[in-house]
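Q: Numbering (our numbering), first residue to last: 981 to 1264. For each residue, glycine too, the CB sits at the ideal point set by N, CA and C. Let me give you the structure first, and then I'll get to my questions.
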C-alpha cells in the first residue's frame, strides 16, 4: 500500500500507462500521411535545383542535432526518475548540486557550442545560396504587386520597355501567372515591388526572398528537373495575400525560347517596370 493509503502503486500505474503513451506516439508519428520516400525529407519538398540539397541537408542536420539533444535530456530525466526517486517510506531530500561550478560551467558551454556549430553551417550555406554571378545565362525581373506577379524575361531590375528582345507576363488573382524557366541553365531573379513587401517563394526551389519596395534583392537558381511546380507569396501582404500564387514551369531550352517568342507575338514584348506602369489587374 502506498503512503497515502491507496492500494494503487505509482509504479503499477506507470507500467500500465507506458504502453498507452508509446501507442499514442506511434499514432502521431504515422498519422502525418508521409510515405517512406517523404520521411527522410522531414516535411520538405523534393529539391529541383542545383543548390536545393544544401537547404535539405541543413534541415536534416538541424533535426538530427535536436534529436541528439532531446534523447540526452530524456535520458537524464528518465535516469533521475528511476534511480533518484524518493522511497515510499523515506522523507529525506536527495543530495543537491547547487553552486557546483564545473556543472554550471558545462551548462553554459554546451549551448554556446551548439549555437556556434549551427551558426557556422547556416552562414556557410547562406553565403552560397545568396551568391550571384556577374553574367548569368538568363535574367528574370520579378515584380510583386497586390495581388499577383509580373515576370519580365531577360530584363534586369531596371527593365527597358522598349527592349523588343525581352518579354513579360502578368498575372491576376483570378488567373495566376506561370514562370517559365529553362532546365540546367542559370537564372538570376531580380526582385522588385511596386507597393508593399512581398516574398517570392518557388516552393520546390528551396529558396525564397523578400520583395521590398525600393530595394533590389537577387538570387540565382539552376533548375535541374523538368516539371511544373507551385509558387506563392510567403509574406503577409494584405487582404488577398492567399491568392498571390504562381506556377513555375521548367522546360527545355527550345521550349523556353519558343515561349518568349509567343509572348512577343501576343504583344507582350519589352517589360512592365516596377512602380512605373500599371499592372492592369488591380481591379480584377
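1) State the Cα-Cα distance for the pair residue 1156 and residue 1169, rounded to the nearest angstrom.
2) Using a Cβ-Cβ cut-off of 7 angstroms (strictly less than) and excluding sequence neighbours within five positions of residue 1256, which residues of its own chain qualify?
3) I'd like the list of long-range same chain contacts for residue 1263, defined as Cβ closer than 7 angstroms, with 5 residues on each side in sequence excluded.
4) For residue 1172, is the classification buried or exposed, using 16 other Cβ atoms within 10 angstroms of its Cβ as the cut-off for buried?
5) Which residues in the same chain have their Cβ closer than 8 angstroms to the Cβ of residue 1163, if we skip the five residues on either side of it in sequence?
6) Return the first residue and the last residue of the alpha helix (DSSP H) that residue 1032 is part of.
7) Looking only at its own chain, which residues have a Cβ that is under 8 angstroms from the Cβ of residue 1028, when we skip the five neighbours before and after it?
8) Would you decide whether residue 1082 is buried or exposed? Buried here means 16 or more other CB atoms lie within 10 Å of its CB.
9) Can you tell me which of the three DSSP states residue 1220 falls into?
10) Along the chain, where does the alpha helix (DSSP H) that runs through residue 1100 open and close?
11) Buried or exposed: which applies to residue 1211, given that a residue is buried once 16 or more other Cβ atoms fall within 10 Å of its Cβ?
12) Looking only at its chain, what residues have a beta carbon closer than 8 angstroms to the beta carbon of residue 1227, apart from the 5 residues adjacent to it on each side?
13) Span of the alpha helix (DSSP H) holding residue 1244?
14) Which full runs of the beta strand (DSSP E) of 3+ residues lie inside the segment 1147-1224, going along the chain?
15) Closest to residue 1108 by CA distance: which of 1224, 1214, 1198 is it?
16) State yes or no: is the C-beta of residue 1200 within less than 8 angstroms of the C-beta of residue 1152?
17) Mind checking who residue 1227 pairs with in its DSSP beta bridge?
18) Just how far apart, CA to CA, sit residue 1106 and residue 1113?
19) Does DSSP classify residue 1251 as helix, strand or coil?
20) What residue range is occupied by the uninterrupted beta strand (DSSP E) comprising residue 1028?
21) Can you give me the Cβ contacts of residue 1077 inside the same chain, cut-off strictly under 8 angstroms, excluding the 5 residues immediately before and after it?
22) Closest to residue 1099 by C-alpha separation, out of 1176, 1042, 1190, would be which residue?
23) With DSSP collapsed to three states, give me the class of residue 1135.
24) Among 1150, 1187, 1120, 1130, whose alpha-carbon lies nearest the alpha-carbon of residue 1030?
25) Report the partner residues of residue 1128 according to the DSSP bridge assignment.
26) Going by beta carbon distance, what residues of the same chain come within less than 6 angstroms of residue 1161, once the five residues before and after it are set aside?
27) Use the C-beta contact count for residue 1080: other C-beta atoms within 10 angstroms, 16 or more gives buried, fewer gives exposed.
28) Using the beta-carbon count (16 or more within 10 Å), is residue 1104 buried or exposed?
29) Just the C-alpha distance for residue 1150 and residue 1110, rounded to the nearest angstrom, thanks.
30) So what does DSSP say about residue 1112, is it helix, strand or coil?
A: The structure says:
1) As a working note, residue 1156 is residue 176 in the chain shown. As a working note, residue 1169 is residue 189 in the chain shown. It is roughly 19 angstroms from the alpha-carbon of residue 1156 to the alpha-carbon of residue 1169.
2) The residue given as residue 1256 occupies position 276 in the chain shown. Below a pLDDT of 50, predicted positions are generally treated as unreliable, and residue 1256, at 40, falls in that range; the measurement from the model is reported next regardless. Around residue 1256: no qualifying Cβ.
3) If you number the chain shown from 1, residue 1263 lands on position 283. Bear in mind that the predicted position of residue 1263 carries a pLDDT of just 40, short of 50, making it unreliable; the figure below should be weighed with that in mind. Nothing listed; no residue qualifies.
4) Within the chain shown, residue 1172 is the residue found at index 192, counting from 1. By the Cβ neighbour-count rule, residue 1172 is buried, with 16 or more other Cβ atoms within 10 Å of its own.
5) For the purposes of this step, residue 1163 is taken as the residue at position 183 of the chain shown. Apart from the 5 residues on each side of it in sequence, residue 1163 sits with its Cβ closer than 8 angstroms to the Cβ of 1203, 1204, 1205, 1206, 1230, 1231, 1232, 1233 in its chain, given in chain order.
6) Within the chain shown, the letter at position 52 stands for residue 1032. 1032-1063 is the span of the alpha helix (DSSP H), which, as asked, contains residue 1032.
7) Counted from its first residue, the chain shown places residue 1028 at position 48. Short of 8 angstroms from the beta carbon of residue 1028, and not among the five residues preceding or following it, lie these beta carbons of its own chain, in chain order: 1184, 1185, 1203, 1204, 1205, 1207, 1209, 1230.
8) For this step, residue 1082 is matched to residue 102 along the chain shown. Label assigned to residue 1082: exposed.
9) Within the chain shown, residue 1220 is the residue found at index 240, counting from 1. Residue 1220: coil per DSSP, three-state reduction.
10) Locating residue 1100 in the chain shown gives position 120, counting from the first residue. Bounds of the alpha helix (DSSP H) holding residue 1100 are 1081-1109.
11) To locate residue 1211, count along the chain shown from 1; it is residue 231. When all chains shown are included, residue 1211 counts as buried.
12) In the chain shown, counting from the first residue as 1, residue 1227 sits at position 247. 1156, 1157, 1158, 1159, 1208, 1209, 1210, 1211, listed in sequence order.
13) Start at 1 with the first residue of the chain shown, and residue 1244 comes out as number 264. Annotation: the continuous alpha helix (DSSP H) that includes residue 1244 extends over 1233-1245.
14) Runs of the beta strand (DSSP E) lying entirely within the segment 1147-1224 and spanning at least 3 residues, in chain order: 1147-1150, 1158-1162, 1167-1173, 1178-1182, 1189-1191, 1197-1201, 1207-1213.
15) Taking the first residue of the chain shown as position 1, residue 1108 is located at position 128. When only C-alpha atoms are compared, the closest one is 1198.
16) Translated into positions along the chain shown, residue 1200 becomes position 220. Translated into positions along the chain shown, residue 1152 becomes position 172. Not a contact, by the Cβ cut-off of 8 angstroms.
17) Taking the first residue of the chain shown as 1, we reach residue 1227 at position 247. Note: residue 1227 sits in a beta bridge opposite 1158, 1210.
18) Here residue 1106 refers to the residue found at position 126 when the chain shown is read from its first residue. Here residue 1113 refers to the residue found at position 133 when the chain shown is read from its first residue. One C-alpha to the other measures close to 15 angstroms.
19) If you number the chain shown from 1, residue 1251 lands on position 271. Here DSSP, grouped into helix, strand and coil, assigns residue 1251 to coil.
20) In the chain shown, the residue the question calls residue 1028 occupies position 48. Counting along the chain, residue 1028 falls outside any beta strand (DSSP E), and DSSP gives it neither H nor E.
21) On the chain shown, position 97 is the one that residue 1077 refers to. Contacts found: 1083.
22) In the chain shown, residue 1099 corresponds to position 119, counting from 1. The option with the nearest alpha carbon to residue 1099 is 1042.
23) Indexing the chain shown from 1 puts residue 1135 at position 155. The answer is coil: DSSP assigns residue 1135 none of H, G, I, E or B.
24) In the chain shown, the residue the question calls residue 1030 occupies position 50. With distances taken between Cα atoms, residue 1030 lies closest to 1187.
25) Numbered from 1 along the chain shown, position 148 holds the residue referred to as residue 1128. Answer is 1125, bridged to residue 1128.
26) Along the chain shown, one-based indexing puts residue 1161 at 181. Excluding sequence positions up to five before and after residue 1161, its CB lies within less than 6 angstroms of the CB of 1167, 1203, 1230, all in the same chain and listed in chain order.
27) In the chain shown, counting from the first residue as 1, residue 1080 sits at position 100. Exposed: under 16 other Cβ atoms inside 10 Å.
28) Along the chain shown, one-based indexing puts residue 1104 at 124. With fewer than 16 Cβ atoms within 10 Å of its Cβ, residue 1104 is classed as exposed.
29) Here the question's residue 1150 lines up with position 170 in the chain shown. Here the question's residue 1110 lines up with position 130 in the chain shown. Pairing residue 1150 with residue 1110, the inter-Cα distance amounts to about 26 angstroms.
30) Within the chain shown, the letter at position 132 stands for residue 1112. The three-state secondary structure of residue 1112, taken from DSSP, is coil.
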